[in-house]
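This note's numbering puts the first residue of the sequence shown at 772, with every later residue one more than the last. To start, the structure itself, in structure tokens.
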Amino acid sequence: MIRIGIADDDALVRQTLGDLLSNQDDIVVAWTAKDGQEALDLFRSSKVDDEVRAVLVDIQMPKMDGLTLAKALLEENPDIAILILATFTADSIVDDAIALGARGFVAKEDGASSLAGAIRQAVAGNLVLSPTSSAIISDQARLWMNGSAHPQESTARPTQTRQPPPQLPYGITLSEREHEVLTLVVDAKTNKQIATRLGLSEATIKTHVSTIIAKLGVQDRVGAVVYALQHNLI
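In structure tokens:
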């Protein structure tokens, strides 16, 4: 069972995220906090067996902001998975979050399956960038996901960086259409939006997405996005 905490100063966000995750068989919301200090206090007061393994952290909170909270939590437990709740996030904040050791970025608008999938991957030690958050935050996080950027490293000189070749599972190829669909999935487009963009039926797009997920050997759309970014597929 994955126990998590949620730190956000918006009561509606806390309630919504909690409700979204309440139907997951393997995830339990252990506590929610309205500010960073309350979150840290709740974390410290937890018994060892009840300690959370991941915390969803909003950046802007009273008393203690999200980055300060993330740093404090990681000092308490370096293995905890910190997932930043992305909104409109400045490059400097993305850089700082990466430098602190955040495991990834999710969005408050993510659906239940995407959010739960991101939590599972982060707890497993993987870097996470949910489909919706990828459309919100800067390219710095995308570079971080595929390993071509480091904390505090400038990305202002793209011509000096040679991108590695795409890496698909052995014996697997993506058709041109599948690549188009995958690119739009990474851009956080829904099946309906992708269908409209490509002039295809929503059912056809759903089939393409399912095929892509199977080919990449991942569990869901979140996994496909993470794989695409980590392996330079787009």
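Note that beta-carbon positions come from the ideal geometry of N, C-alpha and C, so glycine has one too.
Return the residue from the list the options that minimises the CA-CA distance to residue i.
i: E947; options: L1004, G994, T967, L898; result: L1004
i: V823; options: H979, W802, K879, D779; result: W802
i: A868; options: A887, I943, L900; result: L900
i: V826; options: K834, P833, P849; result: P849
i: D780; options: R774, I943, D806, L871; result: D806
i: L791; options: K879, L840, A778; result: K879
i: M772; options: M835, V894, I984, D881; result: V894
i: A870; options: T839, T982, L955, A889; result: T839
i: V996; options: T975, A778, L955, T978; result: L955
i: H1002; options: T975, K960, L953, T978; result: L953
i: V828; options: I976, V865, I965; result: V865
i: T975; options: V877, I798, E949; result: E949
Output the distance between the C-alpha atoms of residue i and residue j, rounded to the nearest integer angstrom.
i: Q938; j: L1000; result: 10 angstroms
i: G896; j: K963; result: 32 angstroms
i: A857; j: P940; result: 30 angstroms
i: R815; j: A852; result: 16 angstroms
i: V957; j: G837; result: 26 angstroms
i: A873; j: I855; result: 7 angstroms
i: G875; j: S972; result: 33 angstroms
i: M737; j: T967; result: Residue 737 cannot be examined here, being either before or after the span of the chain that is shown, 772 to 1005.
i: L969; j: A804; result: 43 angstroms
i: S925; j: R785; result: Caution is warranted here: a pLDDT of 36 is assigned to S925, below 50, making its placement in the model unreliable, and no coordinate value can be reported.
i: A887; j: Q795; result: 7 angstroms
i: L788; j: K986; result: 30 angstroms
i: G776; j: V993; result: 20 angstroms
i: V830; j: A782; result: Sequence inspection shows Ile at residue 830; the Val mentioned does not correspond to that position. Cα-Cα distance, rounded: 15 angstroms.
i: S885; j: K834; result: 30 angstroms
i: R774; j: L898; result: 19 angstroms
i: G882; j: A959; result: 11 angstroms
i: V799; j: K977; result: 30 angstroms
Over the uninterrupted beta strand (DSSP E) stretch that includes residue i, give me the two end residues.
i: G942; result: No beta strand (DSSP E) contains G942, which DSSP labels as neither H nor E.
i: D829; result: 825-829
i: V877; result: 875-878
i: A804; result: 798-804
i: I853; result: 852-857
Taking buried to mean at least 16 other C-beta atoms within 10 Å of its own C-beta, is residue i buried or exposed?
i: K818; result: exposed
i: Q923; result: The predicted position of Q923 is uncertain, since its pLDDT is 42 and thus under 50; a value taken from the coordinates is nonetheless stated next. Counting Cβ neighbours within 10 Å, Q923 comes out exposed, since fewer than 16 surround it.
i: I943; result: exposed
i: G988; result: exposed
i: Y998; result: buried
i: Q892; result: buried
i: A889; result: buried
i: Q990; result: exposed
Ends of the alpha helix (DSSP H) at residue i?
i: T961; result: Segment: none, T961 is in no alpha helix (DSSP H) and carries neither H nor E.
i: R992; result: 992-1001
i: I773; result: Unbroken run through I773 is the beta strand (DSSP E), 773-778; no alpha helix (DSSP H).
Quick check: does the Cβ of residue i come within less than 7 angstroms of any heavy atom belonging to the ligand HEM?
i: T787; result: Absence of the ligand HEM from the depicted structure is noted, as is the absence of any ligand whatsoever, leaving it without description.
Count the C-beta pairs between the stretch 843-856 and the stretch 801-820 that are closer than 8 angstroms, then say yes if the count reaches three, no if not.
Of all C-beta pairs linking the stretch 843-856 to the stretch 801-820, three or more are shorter than 8 angstroms, placing the two stretches in contact.
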